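> If you're matching them up, the sequences are chains F and G in order. First residue of the first sequence? That's 1 in the numbering used here, and the numbers climb one at a time after it. First residue of the second sequence? That's 418 in the numbering used here, and the numbers climb one at a time after it. Idealized CB from N, CA, C, for every residue including glycine. Bear in mind that the values here come from a model prediction, so they are computed numbers and not experimental data.
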Amino acid sequence: MRFSALRILKEGLTGNKGWQAHWRDAEPKPAYDVIIIGGGGHGLATAHYLAKRHGITNVAVLEKGYLGGGNIGRNTTIVRANYGLPGNSEFYSHSLKLWEGLEQDLNYNVMMSQRGVLNLCHSDGQRDAFARRGNAMRNQGDDAELLDREGVRKLVPFLDFDNARFPVYGGLFHGRGGTARHDAVAWGFARSASDRGVDLIQNCAVTGIDVENGRVTGVQTSRGAIKAKKVAIVVAGRSSQVAAMAGLRLPIESHVLQAFVTEGLKPCLDHVVTFGMGHFYISQSDKGGLVFGGDLDFYPSYAARGNLPMAEHVMEAGMAMVPMIGQARLLRSWGGIMDMSPDGSPIIDRAPIDGLYLNCGWCYGGFKAVPGSGDALAHLIATDTPHKAATRYRLDRFATGRGLMDEEATGSQHNLH
Amino acid sequence: MRDLREFSVRGAALPEPEGAEWSAAWDDYLHNRDNPAGESRELWYHGQGCGAWLVVTRDTVSHEIASAALAGAEDTP
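#1: Does the beta-carbon distance from V426(G) to E459(G) come in below 8 Å?
#2: Would you please state the rounded distance, in angstroms, between the beta carbons of G151(F) and G134(F)? I believe it to be under 8 Å.
#3: For a contact meaning CB atoms closer than 9 Å, what does S301(F) contact in chain G?
#4: To be precise: take each residue of the region 448-462 of chain G, compare its Cβ to all Cβ atoms of chain F, and keep it if any distance is under 9 Å. Which residues remain?
#5: Can you say whether G436(G) is buried or exposed, counting buried as having 16 or more other CB atoms within 10 angstroms of its CB?
#6: Hey, is Q104(F)'s beta-carbon within less than 8 Å of any beta-carbon in chain G?
#7: How big is the Cα-Cα spacing for N88(F) and Y49(F)?
#8: How is M315(F) classed by DSSP in three states: helix, strand or coil?
#9: Can you name the residues that DSSP bridges to V79(F)?
#10: Among the residues of its own chain, which have a CB less than 6 Å from the CB of Q126(F), if the five just before and after it don't count?
#11: Excluding the 5 residues preceding and the 5 following H279(F) in the sequence, name in chain order all residues of the same chain whose CB lies nearer than 6 Å to its CB.
#12: State buried or exposed for C363(F), treating a residue as buried only when at least 16 other CB atoms are found within 10 Å of its CB.
#13: Among the residues of its own chain, which have a CB less than 7 Å from the CB of E407(F), if the five just before and after it don't count?
#14: Excluding the 5 residues flanking T410(F) on each side, which residues of the same chain have their C-beta closer than 7 Å to its C-beta?
#15: Closer than 7 Å between beta carbons: that is the criterion. Which residues of the region 221-250 of chain F meet it against chain G?
#16: Looking at the unbroken alpha helix (DSSP H) that takes in L377(F), where does it start and where does it end?
#17: Should W457(F) be labelled buried (16 or more other beta-carbon atoms within 10 Å of its own) or exposed?
#18: For chain F, check one thing: does any of its Cβ atoms lie closer than 8 Å to the Cβ of S484(G)?
#19: Report the rounded CA-to-CA distance for L146(F) versus N359(F), giving the unit in angstroms.
#20: On the DSSP letters alone, give me the boundaries of the beta strand (DSSP E) that V110(F) sits inside.
#21: Mind checking which residues open and close the beta strand (DSSP E) that includes R249(F)?
#22: Which residues, in order along the region 392-405 of chain F, keep a beta-carbon less than 7 Å from a beta-carbon of chain G?
#23: Please classify P251(F) as buried or exposed, where buried requires at least 16 other C-beta atoms within 10 Å of its C-beta.
#24: So, are the CB atoms of A232(F) and I36(F) less than 8 Å apart?
#25: For a test of the three-state rule: what should DSSP assign to S457(G), helix, strand or coil?
#26: Please tell me whether S333(F) has its Cβ less than 8 Å away from any Cβ of chain G.
#27: Starting from the Cα of Q465(G), find the closest Cα among F424(G), M418(G) and R419(G) and give me that residue.
#28: Less than 8 Å between CB atoms is the rule here; does N359(F) satisfy it with respect to chain G?
#29: Which residues in the same chain have their Cβ closer than 6 Å to the Cβ of I347(F), if we skip the five residues on either side of it in sequence?
#30: In whole angstroms, what separates the C-alpha of G208(F) from that of E312(F)?
#31: Can the beta-carbon of V234(F) be found less than 8 Å from the beta-carbon of A51(F)?
#32: How is D295(F) classed by DSSP in three states: helix, strand or coil?
#33: Is I252(F) close to chain G? Criterion is C-beta to C-beta, closer than 8 Å.
#34: Pull up the distance between the alpha-carbon of L290(F) and that of T383(F), whole angstroms please.
#35: I want to verify the contact list: residues of chain F whose CB lies under 7 Å from the CB of L421(G), in sequence order.
#36: Quick check on W439(G): buried or exposed, where buried means 16 or more other Cβ atoms within 10 Å of its Cβ?
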């Protein structure tokens, strides 16, 4: 079933009776070539690219709950490629290019909206750093525009430009960044993978990973044992638990990150805007709610809810940057569990066990990475060589100290990234 | 009952490895974590209070604190 304007018209005129389920709810088979543990954005994207680019379709995606029920459905939907360090910059650049063709690739409306991401600066030093980062982005072929105060005012006149502590000096505008409908991204990848023959198996919790003579042979699940030549762990938020089933101890600590949304409002905020002097960012969803968030709660947590001190801090930062949001009523807040790595950058690599692959450590930047991460992991699984945009996402970089990507230079403490 | 904002959390309370040379033990100490979903033994710092380092036994799923004690020399970073 393909989606098109004509199809919508036809279904509208015939009582919408022709729509079908978007993917098959598959039963597990005894064996597969590849098992992907985790039916979230990254896992489903991996299945799509394995099938599409590499013709590997004897694949199962095992999901302990329902497809897209984890962090792909709990994030703040921001897409961007404005990283500064080699390793991250080319990876997110690649991912953004995939985002730009994603709806055509998947024949699915992911509501990709390149509304622009604006990072604000509040000091001369920060402006200099933005100029440098903007130049680096342009040098690799991406877009960046350094705006002065008046340039920022034209885009977002409602900011508190003369805030006594954090006056707005300017900003770095990344016009190709924006937002996408997070659930639709999971559904679009799921539909494409399923159509190409991948089995998407829900309510199937992995309880063990079988390893014989240093080589993975399959998994134990709540729905029985399944054999596989290759197994990929793509379960950010629960990476440590699943990796422990294979005897691995990962460089990851799990932390809760909160997000907030207001009641629906008329369009008032056209871009994604980030505060340069506190961890705060905001955008307006297509439904009208202001979606915003801030920093981690800082203590390790697996509870998908945060605590009030960080909620208060985020509100204070928001009021300092955009005082007008004080008139909006907060509708709800939630938390998601982040794989925090020691340098703030992810891992896409082979595990020290043959046939076992790791995709983890996305910190709080996993959503924008979804297509790039799926493409890179599929390439790694299919060829056993890293994708050219993800050569630095090695597991051993912490042990060797080579190729660390610590964007904020906060050192090896997991919760400070 | 103290306000959460008086504290900062360092992470898992782990014994520092022997020796000053870089080793697999130091890599493990700095980077790798058990990262349990459940009871965890952590170092917390009472920075906006008395300045003490504490070993807190806490559940990472329920956030319930089972015990808190002053950290000994073997626990502090």
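Let's see:
#1: yes
#2: Not quite, the Cβ-Cβ distance comes to about 13 Å (not below 8 Å), so this is no contact.
#3: T477, V478 and H480
#4: H448, N449, R450, D451, N452, P453, A454, G455, S457, E459 and W461
#5: Around the Cβ of G436(G), a 10 Å sphere holds fewer than 16 other Cβ atoms; the residue is exposed.
#6: Cβ-Cβ to chain G under 8 Å: no for Q104(F).
#7: 20 Å
#8: helix
#9: G178(F)
#10: Same-chain partners within the cutoff: G276.
#11: G294 and D295
#12: With 16 or more Cβ atoms within 10 Å of its Cβ, C363(F) is classed as buried.
#13: Exclusion of the five residues before and after E407(F) leaves Y83, G84, L85, N88 and G344 as the residues of its chain whose Cβ lies within less than 7 Å of its Cβ.
#14: L416 and H417
#15: S240, Q241, R249 and L250
#16: G366 to T383
#17: Because chain F here runs from 1 to 417, residue 457(F) falls outside it and cannot be looked at.
#18: no
#19: When the Cα atoms are used, L146(F) and N359(F) turn out to be separated by approximately 34 Å.
#20: First-last for V110(F): undefined, no H or E at that position.
#21: Where R249(F) is concerned, there is no enclosing beta strand (DSSP E), given that its DSSP letter is neither H nor E.
#22: F398 and A399
#23: buried
#24: With contacts defined by Cβ atoms closer than 8 Å, A232(F) and I36(F) form a contacting pair.
#25: strand
#26: Not closer than 8 Å to any Cβ of chain G, the Cβ of S333(F) fails to qualify, so no.
#27: F424(G)
#28: no
#29: L358, C360, G361, Y393 and L395
#30: 41 Å
#31: no
#32: strand
#33: yes
#34: 43 Å
#35: N307 and P309
#36: exposed
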